[in-house]
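Number of protein chains: 2
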Amino acid sequence: MAVTLADVAARAGVSAATVSRVLSGNYPVAGATRSRVLRAVEELEYVVNGPASSLAAATSDLVGVLVNDIADPFFGIIASAVQSEMEPEKGGGKLAVVCNTGGSPERELTYLTLLQRQRAAAVVLTGSAVEDPAHTEALATRLRRLAAAGTRVVLCGRPPLPEADGDGGRDGQRGAADGGAPLTVAFDNRGGARRLTGHLLALGHRRIGYVAGPAERTTTRHRLEGHRAALADHDRALLAEAERLTVHGAYDRSSGYDGTLELLRREPGLTAVLAANDTVALGVCAALREAGLSIPGDVSVAGFDDLPFSADASPALTTVRIPLHGAGARAGRLALGRDSAPPGGVATVRTELMVRASTAAPRSG
Amino acid sequence: MAVTLADVAARAGVSAATVSRVLSGNYPVAGATRSRVLRAVEELEYVVNGPASSLAAATSDLVGVLVNDIADPFFGIIASAVQSEMEPEKGGGKLAVVCNTGGSPERELTYLTLLQRQRAAAVVLTGSAVEDPAHTEALATRLRRLAAAGTRVVLCGRPPLPEADGDGGRDGQRGAADGGAPLTVAFDNRGGARRLTGHLLALGHRRIGYVAGPAERTTTRHRLEGHRAALADHDRALLAEAERLTVHGAYDRSSGYDGTLELLRREPGLTAVLAANDTVALGVCAALREAGLSIPGDVSVAGFDDLPFSADASPALTTVRIPLHGAGARAGRLALGRDSAPPGGVATVRTELMVRASTAAPRSG
DNA sequence: CATAGGATAGAAAGCGCTTTCTAAAGCGAG
DNA sequence: CTCGCTTTAGAAAGCGCTTTCTATCCTATG
Chain A
1 MAVTLADVAA
11 RAGVSAATVS
21 RVLSGNYPVA
31 GATRSRVLRA
41 VEELEYVVNG
51 PASSLAAATS
61 DLVGVLVNDI
71 ADPFFGIIAS
81 AVQSEMEPEK
91 GGGKLAVVCN
101 TGGSPERELT
111 YLTLLQRQRA
121 AAVVLTGSAV
131 EDPAHTEALA
141 TRLRRLAAAG
151 TRVVLCGRPP
161 LPEADGDGGR
171 DGQRGAADGG
181 APLTVAFDNR
191 GGARRLTGHL
201 LALGHRRIGY
211 VAGPAERTTT
221 RHRLEGHRAA
231 LADHDRALLA
241 EAERLTVHGA
251 YDRSSGYDGT
261 LELLRREPGL
271 TAVLAANDTV
281 ALGVCAALRE
291 AGLSIPGDVS
301 VAGFDDLPFS
311 ADASPALTTV
321 RIPLHGAGAR
331 AGRLALGRDS
341 APPGGVATVR
351 TELMVRASTA
361 APRSG
Chain B
1 MAVTLADVAA
11 RAGVSAATVS
21 RVLSGNYPVA
31 GATRSRVLRA
41 VEELEYVVNG
51 PASSLAAATS
61 DLVGVLVNDI
71 ADPFFGIIAS
81 AVQSEMEPEK
91 GGGKLAVVCN
101 TGGSPERELT
111 YLTLLQRQRA
121 AAVVLTGSAV
131 EDPAHTEALA
141 TRLRRLAAAG
151 TRVVLCGRPP
161 LPEADGDGGR
171 DGQRGAADGG
181 APLTVAFDNR
191 GGARRLTGHL
201 LALGHRRIGY
211 VAGPAERTTT
221 RHRLEGHRAA
231 LADHDRALLA
241 EAERLTVHGA
251 YDRSSGYDGT
261 LELLRREPGL
271 TAVLAANDTV
281 ALGVCAALRE
291 AGLSIPGDVS
301 VAGFDDLPFS
311 ADASPALTTV
321 RIPLHGAGAR
331 AGRLALGRDS
341 APPGGVATVR
351 TELMVRASTA
361 APRSG
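Protein chains in written order, with this note's numbering: chain A, 1 to 365; chain B, 1 to 365.
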């Protein structure tokens, strides 16, 4: 039905092998022959059959990008950056495939199977991971197997895989023999949270609420650890209160709203609220305003991520900026093997405290 | 290297054909045989070779989703909805591939080639199209060719393809013979804009600025047409001013900011500003506030799309809601052939005026 | 008890491409 | 003018799967 290589070959008066060589370009073909083939391709509107090509060559130009929520700009920005590294102009010429896992470990596995089936050239997993030991192990096993089969695996914004144990590591230098072990681009969530809480403490806040993300996510834990480390640094007594002033929710606006209501119930004297991320912070602000509290006059609010809308919120949000675009681009290059692997396989991306209008010294003391 | 069908067959003590039948499930296999095969698959950790499978079956389970900007929630929501229809549970079991065109016609064509190469099962094109005749024709040709080759083509949020002319239409009833002509899920941008401007006029606004999107985009033109139709309906004299009170920009915040500054320069007596979309509206608000104007006290502001953050902006944004999720889901089902084609191949999605705090009657008159 | 007919499984022919192996020219050097 | 090397192109063998066509084994029926 469709035009095939053989049709082009016949039209150009050459063999199929020659056409293939002209198109892949990794073999010398005389100029005259080449242009004759190219013209035939043109005239017949020939389009390579990808599956056939992938089968014969045992490689494909698909790169999978797994995201937790494609409608969330956080992931959109990362995915966009990864994809921009795959541009044909940049020497990639890969097809970046964004897969929406919805944060579900099962779907993550499902998509990985689908990608493995397609013999994807690389896979980039973004966003926090679920800390369920069973899932962690299943995921790690599959990722190592993918890597061993020649698919490049890059984790972006999640912690590196645990060390392989059990039957793995048959050769001394792990990851050197096969396709290479999974690589990681990690965010310094802990450090960022620590600086953020440090900033609030320096302003004089002592009763700081925390509307955290889902309890089982790595990112949630890391940010919480940073927060508590800062509290402990300042005054170990604050740590005792921290537990009571922390509520968990999802990474969305309504969690911020509901969480804030709960926090106010627990501690009406709150002078600051930290949000799991900027989207949650929006909900926090809405709840505070509805409670008749001004920001930052009565309560300071801070978020995490520094998404595009954060500087535009009113008041502009104090937040911890994660260079998402840079991180995504880095992950993309690692996935393409265009950047050399970072030492230890882990590149940590710095986060930066952005102090804006939503945080100020608490009224009086 | 990898485990193949033959390995599984050998292990299960059956032929390759049987294994294939067990896995595809569209042929009766005796229960005992089936479970023996399944066990072998399990034990060998067999994963189908997608390219080989696609080649032999002459189909693939890839569905391409082209978006203008993956970091923009507008597209994120649509893509997410399309993808949710592809869930294995929903009987789809397709791999939705989100491709970021950056709004560039060339990249659009590039990705379509890539998808055609992969023999994609369907392609969904989202977002406004560029109104360059040369590109429109090139795109239409390629899409019709894709459709003819059996790939389902769905346009979402852009106008239907122009009627095929020239050498096309060899058979009387177009689109019936082959895979089917491209389908469209269109947004009623014109009607939405018309109602929005109507709302402002009803409030008493007469000097209404418009920070429009890129001039060459269909969406921009449609919204502008709706706007002007409303003005003309009310008082033809307003139409004369409309040109002067319209500026063009991109679909981003800074365009809203810059555009508003320009509009204020042209007409300091502005009482309302319409934005190309909600993101642009954020920039409009920022510029107005910096100019010392209150919203909606001095100037009313309205947007388009009703993205998640729009209700949270302060003041909450009056806007035209487009049911993006529903539209994306519809497009997804059409792409899967799960919904029957709408009459004329075009399903138009209603838009809804959401009146919120950012618009009010102008001060005095 | 013989035989038609259904159920189940195997053999084998591709799907369209890449790539190794091989052959035919074309060239300068002895 | 011949020999051996390089350049260029063809033949053909798969890549791993699906699917048609056949063969076999039962079971039901006359």
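All C-beta atoms, glycine included, are put in the ideal place defined by N, C-alpha and C.
Relative to the Cα of A:Leu155, the nearest Cα in the group A:Leu66, A:Val97, A:Pro343 belongs to A:Leu66.
Bounds of the beta strand (DSSP E) holding B:Leu95 are 95-100. When rounded, the separation of the alpha-carbon atoms in A:Leu238 and B:Ser358 is 42 angstroms. Counting only runs of 4 or more residues that sit fully inside the stretch 56-87 of chain A, the alpha helix (DSSP H) segments are 73-84, in chain order. Contact fails between the stretch 300-318 of chain A and the stretch 36-52 of chain A, because fewer than three Cβ pairs, one in each stretch, are under 8 angstroms apart.
By the Cβ rule, the stretch 319-327 of chain B does not count as touching the stretch 287-294 of chain B, because fewer than three pairs are nearer than 8 angstroms. With distances taken between CA atoms, A:Ala250 lies nearest to A:Gly283 out of A:Gly283, A:Val185, A:Glu137. Within the stretch 121-152 of chain A, the runs of beta strand (DSSP E) at least 3 residues long that lie entirely inside it are, in chain order, 122-126.
With a cutoff of 8 angstroms on beta-carbon distance, B:Gly345 and B:Leu183 are scored as near each other. Between the alpha carbons of A:Thr351 and A:Lys94 lies a gap of roughly 29 angstroms.
The distance from the Cβ of A:Val22 to that of A:Ala9 is about 10 angstroms, inconsistent with a contact at the 8 angstroms cut-off. Here B:Arg321 is bridged, per DSSP, to B:Asp305, B:Glu352. Annotation for A:Leu239: the continuous alpha helix (DSSP H) segment containing it runs 236-242.
Taking C-beta atoms as the reference points, B:Gly226 and B:Ala202 fail to come closer than 8 angstroms. Here the alpha carbon of B:Ala230 sits roughly 13 angstroms from the alpha carbon of B:Asn189. Secondary-structure assignment with DSSP links A:Val154 through a beta bridge to A:Val124, A:Leu183. Contacts with chain B at 8 angstroms (Cβ-Cβ) do not include A:Pro105.
Close CB contacts of A:Glu243 within its chain, under the 8 angstroms cut and outside five residues either way in sequence, are absent.
Look at A:Pro323: its C-beta is not under 8 angstroms from any C-beta on chain B. Against A:Ile70, the close residues of chain B are Ile70, Gly76, Ala79, Ser80, Gln83, Val98, in the order they occur along the chain (beta-carbon pairs closer than 8 angstroms). A residue is called buried once 16 or more other Cβ atoms fall within 10 Å of its Cβ, and A:Pro296 is buried on that count. When 7 angstroms is used as the limit between beta carbons, A:Ala2 is near these residues of chain B: Ala149, in chain order.
For A:Ala212, the enclosing beta strand (DSSP E) covers residues 208-212. The C-beta of B:Leu200 comes no closer than 8 angstroms to any C-beta of chain A.
Along the stretch 341-355 of chain A, none of the residues has a CB nearer than 8 angstroms to a CB of chain B.
The beta carbon of B:Ala138 sits closer than 7 angstroms to the beta carbons of Leu109 from its chain, once the five residues preceding and following it are set aside; these are given in chain order. Listed along the chain, the chain A residues whose CB falls inside 8 angstroms of the CB of B:Ser35 amount to none; the nearest CB is some 21 angstroms away. Taking 7 angstroms as the Cβ-Cβ cut-off, the stretch 266-297 of chain B approaches chain A at Leu282, Ala286, given in chain order. At a cut-off of 8 angstroms between beta-carbon atoms, B:Phe309 makes contact with chain A. Annotation: the stretch 218-297 of chain B contains the following complete segments of the beta strand (DSSP E) (minimum length 3 residues), in chain order: 246-248, 272-275.
Excluding residues up to 5 positions away in sequence, Ala16 lie with their Cβ nearer than 7 angstroms to the Cβ of B:Ala6 in the same chain. B:Leu334 and B:Val153 have their C-alpha atoms some 9 angstroms from each other. Beta bridge pairing from DSSP links A:Ala347 with A:Val185. Contact with chain A is found for B:Leu55, since one of that chain's Cβ atoms lies less than 8 angstroms from the residue's Cβ.
At a cut-off of 8 angstroms between beta-carbon atoms, B:Val22 makes no contact with chain A. Chain order gives the chain A residues near B:Thr113 as Val47, where near means a beta carbon separation below 7 angstroms.
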